[in-house]
Amino acid sequence: MQNIEFKAELRDIHAARTQLRVLGAQFIGTLEQTDTYYKLADGRLKKREAPGEPVEWLFYHRPDRITPKMCNYTILNDEQAKLRWGTHSLRQWLVVKKTRDLWMLDDVRIHLDQVEDIGTFIEFEAMVTKRCNVKECHMAMGELREVFESLLGEAISVSYSDLMEQGLAEKT
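If you want my numbering, it's the position in the sequence shown, counting the first as 1, plus 64.
And the structure:
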């Protein structure tokens, strides 16, 4: 699967929620997520756990850049992940805990993330489909970035795990 995604610091989560309501976005729910990241030679791997939800493993490739970027990913269940990587070969790297407000606006998932020890962020994910091609996904990202411009802080080029690692390195 593929999506186009963009992530930035979020200056005001309450104003972002108000803006989403004005746009007519649908609030899906608030999730408490724990993402355990693993080091791989190729790609990124995280195990996502949330109360009341099945465990998901997300294997993905995505460039580190601040502009909207293509992400190629596969979602696996526990059994599929164990078959692919085994249970003993994976080396846990970092754990990231967050509270995520999930919203939908047309074909775009919007995440308002409060990430423990890191900060508050907004993320736009437009799924590439037959109905919404790569160009249209980039257009949707551009429109959302304009609408939320006054609420956005610095654009983020990396994953939360990388931000967590940077924060840990700065503390030592």
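Beta carbons: idealized from backbone N, C-alpha and C, even for Gly.
Shortest Cα-Cα distance from Gly107 to any of Ser153, Gln90, Thr131, Cys135 involves Cys135.
The criterion of a C-beta distance shorter than 8 Å is satisfied by Trp157 and Lys103. The three-state secondary structure of Glu143, taken from DSSP, is helix. Per DSSP, Val198 is not a residue of any beta strand (DSSP E); the alpha helix (DSSP H) it occupies stretches across 198 to 211. Here Tyr224 is near Val179, since their CB atoms are less than 8 Å apart. DSSP places Glu117 outside both helix and strand once states are collapsed to three, so it counts as coil. Per DSSP, the unbroken beta strand (DSSP E) holding Arg164 starts and ends at 155 to 169. When the five nearest sequence neighbours on each side are left out, the beta carbons in the same chain lying within less than 8 Å of the beta carbon of Val211 are those of Gln83, Leu87, in order along the chain. If you draw a 10 Å sphere on the C-beta of Arg155, you find fewer than 16 other C-beta atoms in it, and that means exposed. The three-state reading of DSSP puts Glu73 in strand, counting E and B together. Considered as a whole, the stretch 79 to 137 harbours 90 to 103, 108 to 113, 120 to 125 as its complete beta strand (DSSP E) runs of no fewer than 3 residues, in chain order. With respect to the 8 Å criterion, Asp181 and Met228 are classified as neighbours on the basis of their beta carbons.
Judged by pairs of C-beta atoms under 8 Å, the stretch 192 to 200 does not touch the stretch 112 to 119, as fewer than three such pairs exist. Between the beta-carbon of Phe185 and that of Glu73 there is about 6 Å, and that keeps the pair under the 8 Å contact cut. In the DSSP assignment, Met191 falls within the unbroken beta strand (DSSP E) covering 183 to 191. Put simply, of Asp128, Thr94, Glu120 the residue whose alpha carbon is nearest the alpha carbon of Ile139 is Glu120.
Judged by beta-carbon spacing, Ser214 lies beyond the 8 Å limit of Asp128, meaning their Cβ atoms are not closer than that value.
Looking only at Leu166, Glu218, Glu234, Glu69, the smallest Cα-Cα distance to His125 is reached by Glu69.
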